[in-house]
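Asks:
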Amino acid sequence: MTAPAAVAPRLFHEPRITVLSRPAFTTPEHLAVAWTGESTDGERLAEFAGRLCYMSQHNPANRSTRDYLENIKKQGHGSVLEHANYSLLLEGVSRSLTHELVRHRAGFAYSQLSQRYVDESEASFVVPPAVAGDEALESAWRAQIESAQSAYVALVAQLMERYGWVADKVHRRKMAREAARGVLPNSTETKIVVTGNARAWRTMLELRSSEGAELEIRRAAVSIIRILQGEAPGFFSDFEVYMAADRREAARIGYHKV
Ligand SMILES: Cc1cc2nc3c(=O)[nH]c(=O)nc-3n(C[C@H](O)[C@H](O)[C@H](O)COP(=O)(O)OP(=O)(O)OC[C@H]3O[C@@H](n4cnc5c(N)ncnc54)[C@H](O)[C@@H]3O)c2cc1C
């Protein structure tokens, strides 16, 4: 039997980020807040939760929702931000990025593509930002990932044969893939659903958008900041994206760990 012609793997140079869910707030008529200014459901939810603590729904200082949230961040009363959850789908990110991402535990939930179940024979790969744009580096890197992918395909075939006596085909495939994935590099593309509350996102984004963070996760963090600033400026407008001395974007936060 001739081996199928190798197809060049798809390469990612940027993450693909999709908002899957955002808060939907319903005003309880019996505790209506005197809102002012522009706001989104997530921001109103946090303001409602904050005002409930002091029963200040009548808004005595006549603050807009975003001014109210600014004050919450300034005072460090970030627990009301925990009510607002945002779910993002990240694609075009590497296994090394998600390995770092899932270290952020408090306030986060994760569901990631399983390399035990999913065939990676045609996996995509993420070009490390430091390698991208340099022809010689990219070509050396590509040679390595193509060789790793070929080794994976060969190992899966050999393991399927070795464990041919396992009657359950799904289990046999899982046995083969979970062993063969050992040869796949950190650059292998993965997909992950990440749900975090606004407070948790702020903490993670502060750490991972900073100049000390690894370049790929830093790039993703900067993209997420921009997306979440559009979703809820009241939670994220104090992040400032800037061009760092290393000629890459980074971000700094106005209110550290609210
Ligand atoms: C630039 C950079 C380099 C890194 N390098 C490494 C490395 O070389 N090796 C490595 O292993 N990790 C490394 N990390 C990961 C780092 O150690 C943390 O695991 C990661 O940043 C998540 O932080 P966290 O634990 O504060 O987050 P979370 O788990 O989300 O926690 C958020 C906050 O909740 C509180 N909290 C959470 N869990 C507990 C608990 N069990 N007890 C008490 N308080 C709690 C703490 O205040 C904590 O800061 C690195 C991180 C960064 C940003």
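Oh and the sequence shown: position 112 is 186 in the working numbering, straight run, nothing missing. The C-beta atom is built at its ideal place from N, Cα and C for all residues, glycine as well.
#1: Give the straight-line distance between the Cα atoms of glycine 111 and proline 259, rounded to the nearest whole angstrom.
#2: Can you give the Cα-Cα distance for histidine 132 and phenylalanine 310, rounded to whole angstroms?
#3: With respect to 6 Å, is the separation between the Cβ of alanine 325 and the closest non-hydrogen atom of ligand 1 below this value?
#4: With contact counted as at least three CB pairs below 8 Å, one residue from each stretch, are the stretch 266-273 and the stretch 160-177 in contact?
#5: Let me make sure I understand the geometry here. Which of Ala324, Leu229, Met278 has the alpha-carbon closest to that of phenylalanine 182?
#6: Taking 6 Å as the cut-off, does the CB of histidine 178 come closer than this to any heavy atom belonging to ligand 1?
#7: Quick check: the stretch 204-223 against the stretch 291-310, are there 3 or more CB pairs under 8 Å?
#8: What do you get for tryptophan 239, buried or exposed, if any count of 16 or more other CB atoms within 10 angstroms of its CB means buried?
#9: Suppose only complete runs of 3+ residues qualify. What are the beta strand (DSSP E) ranges in the stretch 271-327, listed by chain order?
#10: Going by beta carbon distance, what residues of the same chain come within less than 6 Å of glutamate 165, once the five residues before and after it are set aside?
#11: Go to glutamine 131, then tell me how far its alpha helix (DSSP H) extends in each direction, as first and last residue.
#12: Which class does serine 161 belong to by DSSP, given the choice of helix, strand or coil?
#13: Taking the alpha-carbon of alanine 273 as reference, which of Tyr316, Asp312, Glu235, Asp141 has the nearest alpha-carbon?
#14: Three or more C-beta pairs closer than 8 Å, one from the stretch 190-197 and one from the stretch 223-231: is that the case here?
#15: Pairs of beta-carbons, one from the stretch 151-163 and one from the stretch 118-132, closer than 8 Å: are there three or more?
#16: Within the continuous beta strand (DSSP E) that includes threonine 92, where are the two ends?
#17: Any heavy atom of ligand 1 closer than 6 Å to the CB of alanine 272?
#18: Alpha carbons only, please: which of Tyr160, Ala217, Glu117, Arg251 is nearest the one belonging to tyrosine 184?
#19: Consider the Cβ of alanine 98: report whether some Cβ of chain C lies at a distance smaller than 7 Å.
#20: Which word fits alanine 214, buried or exposed, when buried means at least 16 other C-beta atoms lie within 10 angstroms of its C-beta?
#21: Which runs of the alpha helix (DSSP H), 4 residues or longer, sit entirely within the stretch 130-217?
#22: Which class does glutamate 103 belong to by DSSP, given the choice of helix, strand or coil?
Replies: With the structure as the only source:
#1: CA-CA distance, glycine 111 to proline 259, rounds to 49 Å.
#2: Computed Cα separation, rounded: 25 Å.
#3: Not so, every heavy atom of ligand 1 lies at least 6 Å from the Cβ.
#4: They touch, by the three-pair rule.
#5: If we check each option's Cα against that of phenylalanine 182, Met278 comes out closest.
#6: Between ligand 1 and histidine 178, a heavy atom-to-CB distance of less than 6 Å is present.
#7: A contact between stretches requires three or more CB pairs, one per stretch, nearer than 8 Å, and the stretch 204-223 fails this requirement with the stretch 291-310.
#8: With fewer than 16 Cβ atoms within 10 Å of its Cβ, tryptophan 239 is classed as exposed.
#9: For the stretch 271-327, whole beta strand (DSSP E) runs of length 3 or above, ordered along the chain, are 313-317, 323-327.
#10: Cβ neighbours of glutamate 165 beyond the five flanking positions: Arg90, Lys265.
#11: DSSP places glutamine 131 outside any alpha helix (DSSP H), giving it a letter other than H or E.
#12: Three-state result, serine 161: strand.
#13: The sequence given here places arginine at residue 273; alanine does not occur at that position. That would be Asp312, whose Cα lies nearest to the Cα of arginine 273.
#14: Yes, the stretch 190-197 touches the stretch 223-231.
#15: Yes, since at least three Cβ pairs between the stretch 151-163 and the stretch 118-132 fall closer than 8 Å, the two stretches touch.
#16: Counting along the chain, the beta strand (DSSP E) containing threonine 92 begins and ends at 90-95.
#17: Not under cutoff, so the answer is no.
#18: Ranked by Cα distance from tyrosine 184, the first of Tyr160, Ala217, Glu117, Arg251 is Tyr160.
#19: Included in the structure is just one protein chain, with no chain C present.
#20: Alanine 214 comes out exposed.
#21: Under the rule that a run must span 4 or more residues, the alpha helix (DSSP H) segments found entirely inside the stretch 130-217 read 139-149, 169-175.
#22: Assignment of glutamate 103 by DSSP, reduced to helix, strand and coil, places it in the helix class.
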